[in-house]
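Engineer:
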Amino acid sequence: MRMRKKKNADIRLEKCSDCFLSGDISSLKNINLEIGCGKGGFIVQLAASQPDKFFVCIEKMSDVILLAAEKIKNSNLKNVKFLRADASVLSEYFSPGSVDRIYLNFSDPWPRPKHAKRRLTSESYLDIYKNLLSENGAIFLKTDNRILFDYSLETFRNAGFRLEKLTYDLHNSEYESGNFHTEYENNFSGKGFAINRVEAYKN
Ligand SMILES: C[S@@+](CC[C@H](N)C(=O)[O-])C[C@H]1O[C@@H](n2cnc3c(N)ncnc32)[C@H](O)[C@@H]1O
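With the working numbering as the guide, the letters of the sequence shown map in order to residues 911 to 1113.
#1: Any residues whose CB sits closer than 7 Å to a heavy atom of ligand 1? List them in chain order?
#2: Can you check whether the CB of residue 966 is closer than 9 Å to the CB of residue 991?
#3: What does the alpha-carbon distance come out to for the pair residue 978 and residue 1113?
#4: Please report how far the alpha carbon of residue 1096 lies from the alpha carbon of residue 1103, in whole angstroms.
#5: What are the boundary residues of the alpha helix (DSSP H) that residue 921 is part of?
#6: Taking 8 Å as the threshold, find out whether the stretch 931-941 comes into contact with the stretch 1077-1091 through three or more Cβ pairs.
#7: Taking just the CA atoms, how far does residue 1052 sit from residue 949?
#8: Measuring straight from C-alpha to C-alpha, what distance separates residue 920 and residue 957?
#9: Could you pull out every residue in the same chain whose Cβ sits closer than 8 Å to the Cβ of residue 985, ignoring the five residues on either side in sequence?
#10: Looking at residue 941 and residue 964, is the spacing between their C-beta atoms short of 9 Å?
#11: Please determine, among 952, 917, 962, 1004, the residue with the shortest C-alpha to C-alpha distance to residue 932.
#12: Verify whether the separation of the beta carbon atoms of residue 1015 and residue 1094 is less than 9 Å.
#13: In three-state terms, what does DSSP make of residue 1077?
#14: Could you check if residue 1029 is buried or exposed, using at least 16 other CB atoms within 10 Å of its CB as the buried criterion?
#15: With a Cβ-Cβ cutoff of 9 Å, do residue 1042 and residue 1007 count as a contact?
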């Protein structure tokens, strides 16, 4: 996601500091993790609809996570926290089995085969997620990108995940009810792209 440097970013981040994880993160349990949350349009809807659940958003770009944190701050939601980090180091923050759901929404597709390892559903990322996920844990994936989707179905299967609720056209499927749209989702579906979705269960 390309973005211009935000004005007064440090001051604005300081104002949202209570939206960021602090303290003993490793003791957290039953976490619902969104990786690559972008501007936060998805999590603000999901967290409002599930006030009894706890959500953590991971995003590697500080100017982007700032917008998401401000959205949560303004909506007064207390069940969402942010962590600016790269997904490759998640195991340094969270304990094994502490995550119930991982949401991957419109992850960067890295379409060239030589960059496949950078995809957030590559074998090495799935190893990280598998270790973090609880027994009934699952990854919920949405993307407009068919190359990334087909690749992910294969890596999920190879890693032993059980696939459910698979669709190649989410917005015209039975699973659209209760689907919260992300910023990229609105953009791509507005341009006529079909949205792919799947749930991948660890067991
Ligand atoms: C294409 S955007 C999608 C944003 C949002 N999920 C949506 O659907 O509107 C992908 C986002 O993932 C973030 N991202 C990509 N790779 C990441 C990584 N390894 N760790 C954390 N965030 C990552 C990017 O900075 C970007 O904000």
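Quick reminder that beta carbons are idealized off the backbone N, C-alpha and C, glycines included.
Structural biologist: In terms of the structure at hand:
#1: Ordered along the chain, the selected set is 911, 945, 946, 947, 948, 949, 951, 952, 968, 969, 970, 971, 974, 995, 996, 997, 998, 1015, 1016, 1017, 1018, 1030, 1092, 1093, 1094, 1095.
#2: Here residue 991 refers to the residue found at position 81 when the sequence shown is read from its first residue. Here residue 966 refers to the residue found at position 56 when the sequence shown is read from its first residue. Yes. Within cutoff.
#3: The residue labelled residue 978 in the question sits at position 68 within the sequence shown. The residue labelled residue 1113 in the question sits at position 203 within the sequence shown. When rounded, the distance between both Cα atoms is 32 Å.
#4: Stepping through the sequence shown from its first residue, residue 1096 is reached at position 186. Stepping through the sequence shown from its first residue, residue 1103 is reached at position 193. Going from the Cα of residue 1096 to the Cα of residue 1103 covers about 10 Å.
#5: Position 11 of the sequence shown, counting from 1, holds the residue named residue 921. The continuous alpha helix (DSSP H) containing residue 921 extends over residues 919-925.
#6: The answer is no - the stretch 1077-1091 does not touch the stretch 931-941, with fewer than three Cβ pairs under 8 Å.
#7: Translated into the one-based positions of the sequence shown, residue 949 becomes position 39. Translated into the one-based positions of the sequence shown, residue 1052 becomes position 142. Cα to Cα, residue 949 sits roughly 16 Å from residue 1052.
#8: Residue mapping note: residue 920 aligns to position 10 of the sequence shown, counting from 1. Residue mapping note: residue 957 aligns to position 47 of the sequence shown, counting from 1. Roughly 26 Å separates the two Cα atoms.
#9: By 1-based counting over the sequence shown, the position of residue 985 is 75. Closer than 8 Å at Cβ, skipping near neighbours: 954, 958.
#10: Here residue 964 is taken as the residue at index 54 of the sequence shown, counted from 1. Here residue 941 is taken as the residue at index 31 of the sequence shown, counted from 1. Yes, they are a contact pair.
#11: Within the sequence shown, numbered from 1, the residue matching residue 932 stands at position 22. When only C-alpha atoms are compared, the closest one is 1004.
#12: Working through the sequence shown from its first residue, we reach residue 1015 at position 105. Working through the sequence shown from its first residue, we reach residue 1094 at position 184. Yes, the Cβ-Cβ distance between residue 1015 and residue 1094 is below 9 Å.
#13: Numbered from its first residue, the sequence shown carries residue 1077 at position 167. The answer is strand: DSSP assigns residue 1077 an E or B state.
#14: Locating residue 1029 in the sequence shown gives position 119, where the first residue counts as 1. It counts as buried.
#15: Taking the sequence shown and counting its residues from 1, one reaches residue 1042 at position 132. Taking the sequence shown and counting its residues from 1, one reaches residue 1007 at position 97. Yes; because the gap between Cβ atoms is below 9 Å, this pair is in contact.
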